[in-house]
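Student: In our numbering, the protein residues as written are 7 to 344.
There's a structure below that I have some questions on.
Put into structure tokens, the structure is as follows:
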């Protein structure tokens, strides 16, 4: 790479300015539906006499959707970073309960407007073909009666995340998250591993009833969404909703069968070799992460800050652009590693 090209690449990695908006005001933020709806109304009523105007309409709609998507993503990220902060949970719930249900009918109406545009066939199929295929499918499976069901689903998913995110265990007098406790499953001491595993499972079992109830309710809601859209089950509905055009449920069943016939026996062989290497009569769940050769678990870092510093150094050696990107993310406060 030439020095000038490298300088240009690095400058892209260090530039923290947001790309300029062309449709929404630069300082627009999602605060309520009243300030958001006029943009949907304008897109819905705009005339689309030619391919050029249709493409500009698509760009404007894309910008609006990007702003909404990023706003929701940040609300979710902030909520999951601190599941005990009620204001963050309320911010996420506001979007899910007050914004998304009102966006959905407009989203469908805009899809219908696009598919009915006189100049639709003038769009470059190589550029828009896959996108339009997804739009047609989304239009086909849209049902207004599913809007409140999807709102309820999102709310219950948030409840699940909050419940799981709040789980901690106490080991050796120290309170820690389940992922951190799981690190002890790599210990060479079988007693330490078993204690950690049992503590983790006991903590999960403590919330088994509310989690089981959430699961039951989500299954019922998702099944109803599928039935409303004309599908026999949620699996078939999601194949359509996720745009899985190139393979079918039957293909996945065949793939599962191939794994069962080929991979599972291989894993059984690996587990038996592990049992012998560890000189155990029986292999238990807390024996699956320890190094069977007896090596101490690697401890490449002790803190989130140390992890970040070392990762930046590795990325820098791979490609200065990657290292600078991570440094920029740190500068912007976009990393939560503790």
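For each residue, glycine too, the CB sits at the ideal point set by N, CA and C.
(1) Less than 7 Å between the C-beta atoms of residue 343 and residue 310, yes or no?
(2) Jot down the residue ranges of each uninterrupted beta strand (DSSP E) in the stretch 174 to 239, minimum 3 residues, whole runs only, in chain order.
(3) Can you list, in chain order, the residues of its chain with a C-beta nearer than 8 Å to that of residue 193? Leave out the 5 residues immediately preceding and following it.
(4) Does the count of Cβ pairs from the stretch 87 to 94 and the stretch 135 to 154 closer than 8 Å reach three?
(5) Rounding to the nearest angstrom, what Cα-Cα distance links residue 173 and residue 196 in this structure?
(6) Below 8 Å on the Cβ atoms is my guess for residue 220 versus residue 155; work out the distance and round it to an integer in Å.
(7) Nearest-angstrom Cα distance between residue 243 and residue 235?
(8) Near residue 56, which residues of its chain fall below 6 Å by C-beta distance, leaving aside the five closest residues on each side in sequence?
(9) Cβ atoms of residue 123 and residue 70: under 7 Å apart, would you say?
(10) Compute the distance between the beta-carbons of residue 229 and residue 240, then report whether it is under 7 Å.
(11) Is it right to say residue 67 is buried, meaning 16 or more other beta carbons lie within 10 angstroms of its own, or is it exposed?
(12) For the alpha helix (DSSP H) holding residue 150, just list the boundary residues, first then last.
(13) Examine the Cβ distances between the stretch 314 to 324 and the stretch 280 to 292 and report whether three or more of them are shorter than 8 Å.
(14) Mind the definition here: the stretch 26 to 45 touches the stretch 99 to 113 only if three or more C-beta pairs lie below 8 Å; say whether that holds.
(15) With contact counted as at least three CB pairs below 8 Å, one residue from each stretch, are the stretch 164 to 172 and the stretch 128 to 142 in contact?
(16) Please classify residue 351: does DSSP put it in a helix, a strand, or coil?
(17) Pull up the distance between the alpha-carbon of residue 87 and that of residue 77, whole angstroms please.
(18) Between the C-alpha atoms of residue 273 and residue 186, what's the straight-line distance to the nearest angstrom?
(19) Would you identify the three-state DSSP class for residue 340, choosing helix, strand or coil?
(20) Do residue 144 and residue 117 count as a contact pair if the criterion is CB distance below 7 Å?
(21) Tell me the DSSP secondary structure of residue 253 in three-state form.
(22) What did DSSP end up calling residue 329 once you bin it into helix, strand or coil?
(23) Quick one: residues in its chain with C-beta nearer than 6 Å to the C-beta of residue 298, no 5 flanking neighbours on either side, listed in chain order?
(24) Helix, strand or coil, according to DSSP, for residue 307 in the structure here?
(25) Do the CB positions of residue 101 and residue 81 come within less than 7 Å of each other?
(26) In whole angstroms, what is the alpha-carbon distance linking residue 131 and residue 49?
(27) From residue 61 to residue 75, what does the alpha carbon distance come to, in whole angstroms?
Tutor: Taking the structure as given:
(1) yes
(2) 174 to 177 and 180 to 183
(3) 199, 202, 296 and 303
(4) no
(5) 24 Å
(6) Actually they do not touch by this definition, with Cβ atoms about 15 Å apart.
(7) 8 Å
(8) 125
(9) no
(10) yes
(11) buried
(12) Run containing residue 150: none; DSSP gives neither H nor E here.
(13) no
(14) yes
(15) no
(16) A question about residue 351 goes unanswered here, because the residues of the chain that appear run from 7 up to 344.
(17) 16 Å
(18) 26 Å
(19) coil
(20) yes
(21) coil
(22) helix
(23) 280, 283 and 284
(24) coil
(25) yes
(26) 23 Å
(27) 21 Å
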